[in-house]
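Residue numbers (this note's numbering): 2 to 137.
Below you can see the structure in the form of structure tokens.
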């Protein structure tokens with residue numbers, strides 16, 4: 002079975018926004034992940050960040066369609082935004098005052114550790130700082 006891959010906000014935004022500098026590279030990576038049938042994991046916290054980042058009225062319907070289509074992908078597991086996950090992410094956030102990691106990143110790191118995931122589809126260097134491999 003192929004390795005699980007965590008998909009972070011940066012990758013979703015690059016895939017959604019055709020004007021993003023990383024769009025073409027992200028498309029190639031996603032196509033490869035899909036061909037190799039990697040189980041993909043993300044969180045509702047990450048999808049919230051995507052919707053928050055690309056929410057202007059001119060592109061809002063595109064964001065809605067994009068996320069609605071993600072919800073239908075059988076290869077994608079979306080971890081719910083739960084109080085337990087928030088608390089675990091918050092504890093991790095508090096334990097690393099030396100880092101600029103956001104709370105969403107910290108919840109992602111918690112999920113990655115719980116799911117034994119080493120690879121993140123992201124351009125965010127915070128994932129490397131936390132000991133993971135990033136694909137962009």
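For glycine and all other residues, C-beta sits at the position ideal for the given N, C-alpha and C.
Asked                                                                                                             : Found
Residues bridged to residue 7 [DSSP beta-bridge criterion]                                                        : 42, 121
Cross-strand partners of residue 78 (DSSP beta bridge)                                                            : 42
Three-state class that DSSP yields for residue 135 in the structure shown                                         : strand
For residue 116, the three-state DSSP class (helix, strand or coil)                                               : coil
Inter-stretch contact at 8 Å, needing at least 3 Cβ pairs: the stretch 96-116 / the stretch 15-34                 : no
Meets three-Cβ-pair contact criterion under 8 Å: the stretch 36-51 and the stretch 10-17                          : yes
Nearest neighbour of residue 206, chosen from 72, 74, 64, 115 [CA to CA]                                          : Absent from the structure is residue 206, since the part of the chain shown begins at 2 and ends at 137.
Outcome for residue 41 when other beta-carbon atoms lying within 10 angstroms are tallied against a minimum of 16 : buried
Nearest candidate by alpha-carbon position, reference residue 47, set 90, 3, 136, 132                             : 90
Close beta carbons around residue 131, own chain, < 6 Å, minus the five adjacent residues each side               : 110
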